[in-house]
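Take the position in the sequence shown, starting the count at 1, then add 179; the result is the number in our numbering.
Okay, structure first, notes after.
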Amino acid sequence: MKITTVSVCVLCGILPLIFLPVLPGSLCLIGIFCFACALSFVPYKYTQYASLTLLFFLWGILAAKQAVWPGNILPGATQETVVQITATDHATTHYGQITHVQGKRLFPSVGVVLYGQYLPGEVCAGQRWAMKLKVRAVHGQLNEGGFDSQRYALAQHQPLSGRFLHATVIESSCSLRARYLASLNTTLAHYPWQQVILALGMGERLSVSQEVKNIMRDTGTAHLMAISGLHIAFAALLAGGLIRGAQFLLPTRWIHWQTPLVGGIVCATFYAWLTGLQPPALRTVVALAAWGLLKLSSRQWSGWEVWFCCLAAIVIADPIAVLSQSLWLSAFAVAALIFWYQWFPVPAWALPRAGKVALDLVHLQLGITLLLLPVQIALFHGVSVTSFLANLFAVPLVTFISVPLILAGMIGHLIGPLMAEEGLWALADASLDVLFRALKSLPEGWINIDYRWQYLSLAPWLTLMAWRLNAWRTYPVICLSGVLLLSWPLWRTPRTEAWQVHMLDVGQGLAMVIAHNGKSDTL
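Shown next as structure tokens:
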């Protein structure tokens, strides 16, 4: 069975977690398992595909049951727990992992967010505290166009939130990462863009000001702030390049083509750990490892095969990741780029080297801007009209100047002379100052878009296919009819004169809104 076929079975088996309103019971799971085992003995490939898909479905269901177990069992009574701190804002918000409950080891540990209280003493990541907790499951408001905080919490493996009634430190020593972060905080204290540097280099976004977040959201550059595939893949590329360069100094018998590849992945994994190994970073490491294994197979893989295998590796390692919007945004972006470069490659114009670089950048950003419209409207209910221009200079500036300087500064903080380190931090701070001055000069570009535009946002995909297949000449009526059908929701006039009833989730229950002629009343 091909690895790509197995990948498709993985995706088909685990994706139903997105749509299931209720998880199946134990008897149903036993029945599905027996049926899958019976299908595996049928000597037809499609029945074997179905059997494998059902087994992966069971794997996803078991992972989902494990994810919702803490929210069903632990709330209510006061719990005597041991909590290991994973992140903190050094004030009233602390992220941790519950490792013991009522003196019993909990495996895997359960994520919890503690709000509104100062811990008695200095707190840092890596500490272990004995806490008497009052926790509750994270709740979300299921309103159309709203943010589902419960789904986000499950995807982040933080299903619980609460307060502590009593806390005593068990182990006060901080983790190596926390000590390194504290040292960086001290060194960067006098730099204006300290928090952005730490966010880009260490994944510490808790202290980034709301003003900076709003600027990056309005200009469509918020993705640069997350430690994701762009940063970790660049770290792997940089490490692999350095290892390849060092091979020129080695005897021929010691040179192997696999060494830069494996070394780059190992260094990228270490960097992901250094940034806190948050779920997006962990997913990137899994995808990078899957890509590395495909490369080590010494076979040529197409872009779509790599995409399916990497996505399958992510969801089989963490089935709950299918609930993450960031995963689907990243996966959709990669798929869009593969589609874009296959159907509309970079024009082969006779340009100087600088012109070709500029053309490549414009071509890349144009594809991302147009082809990501459907997922942007579906997930964020809006688009940024300045994102094309903002990303045109922000992506190369951050990727090739700011991030390398920050990585070099982080290495220099460990081994380099103080003067060289200060110079690197000053250059990184100056590059970020240039970036945000340019972003601030752009007008506010965020536009809220309702669901009626969802179908029309598919037009760039369909237009590109119609153009390359010459369908706009061969079947003009079909193409025109398709455009009219996609825009059909925009033609419908809202019936404001009719009485309308809406149900709203307000957190503690439901509210009823009665609307008529643009006026409403809430019950």
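Using N, Cα and C, we set each Cβ at its ideal position, and we do this for glycine too.
Note that the structure is predicted; figures quoted are calculated from it, not measured.
State yes or no: is the C-beta of L467 within less than 8 Å of the C-beta of A527? no
Go ahead and pull the three-state DSSP assignment for H402. helix
Under the rule that 16 or more other beta-carbon atoms within 10 Å means buried, what is D629, buried or exposed? exposed
Is the distance from the Cβ of T366 to the Cβ of H592 below 8 Å? yes
CB-CB under 6 Å to S186, same chain, minus the five flanking residues each way: which ones, in chain order? F487, C488, A491, listed in sequence order.
Verify the CB distance criterion: does Q227 have a CB-CB separation below 8 Å to chain D? Going by chain labels, chain D is absent from the structure shown, which holds only one protein chain.
Unbroken alpha helix (DSSP H) runs of length 4 or more, entirely within the region 439-524: which are they? 458-475, 482-496, 504-522
Nearest-angstrom Cβ-Cβ length linking I211 and L190, presumed shorter than 8 Å: Their Cβ separation, rounded to whole angstroms, is 18 Å, which puts I211 and L190 out of contact at 8 Å.
Length of the line joining the Cα atoms of V582 and G380: 7 Å
Secondary structure of F567, DSSP reduced to three states: The answer is helix: DSSP assigns F567 an H, G or I state.
Looking at the unbroken beta strand (DSSP E) that takes in N649, where does it start and where does it end? Looking at the DSSP string, N649 is not in any beta strand (DSSP E), and its letter there is neither H nor E.
Does the Cβ-Cβ distance between I376 and L611 come in under 8 Å? yes
Taking the DSSP output, what are the residues bridged to G255? Partner(s): none; G255 has no beta bridge.
Note down the Cα distance separating R616 from T278, rounded to an integer number of angstroms. 45 Å
Within a Cβ cutoff of 8 Å, which residues of the same chain sit near Q544, ignoring the five residues on either side of it in sequence? F567, N570, L571, V574
Sub-8 Å separation of G482 and I517 beta-carbons: yes
For E301, which three-state DSSP category applies? coil
Where does the unbroken beta strand (DSSP E) through H345 begin, and where does it stop? 339-350
Cβ-based neighbour list, A229, same chain, cut-off 7 Å, excluding 5 preceding and 5 following: L218
Mind checking which residues open and close the beta strand (DSSP E) that includes Y274? 273-280
Quick one, are the C-beta atoms of T271 and Y294 less than 8 Å apart? Their beta carbons are under 8 Å apart, which means T271 touches Y294 by this criterion.
Is it buried or exposed, Y223, if we count other Cβ atoms within 10 angstroms and call 16 or more buried? exposed
Among K244, T183, C213, which residue has its Cα nearest to the Cα of L199? K244
Residues bridged to N627 [DSSP beta-bridge criterion]: G561
Kindly list the residues whose CB is nearer than 7 Å to the CB of H410, restricted to its own chain and excluding five residues on each side of it in sequence; keep chain order. Around H410: V582.
The beta strand (DSSP E) that contains V291, what's its start and end? 283-293
Rounded to the nearest angstrom, what separates P459 and K698 at their Cα positions? 43 Å
Name the DSSP beta bridge partners of V185, please? The secondary-structure analysis by DSSP pairs V185 with nothing; it has no beta-bridge partner.
Out of S328, G305, G255, K283, which one is the CA nearest neighbour of S503? Ranking the options by Cα distance to S503, first place goes to S328.
From A242 to A447, what distance separates their C-alpha atoms? 27 Å
By how many angstroms is the C-alpha of A500 removed from the C-alpha of V494? 6 Å
In angstroms, rounded to a whole number, what distance separates the CA positions of S386 and A378? 9 Å
Are there 16 or more other CB atoms within 10 angstroms of the CB of D539, so buried, or fewer, so exposed? exposed
CA-CA distance, A246 and P338? If I take the Cα positions, the gap works out to 7 Å.
Here's the rule: buried if 16 or more other CB atoms are within 10 angstroms of the residue's CB, otherwise exposed. What is E383? By the Cβ-count criterion, E383 is buried, with 16 or more other Cβ atoms from all chains shown falling within 10 Å of its own Cβ.
Selection from V564, I657, A496, K535 that minimises the alpha carbon distance to A334: Of all alpha-carbon atoms in V564, I657, A496, K535, the one lying nearest the alpha-carbon of A334 is that of A496.
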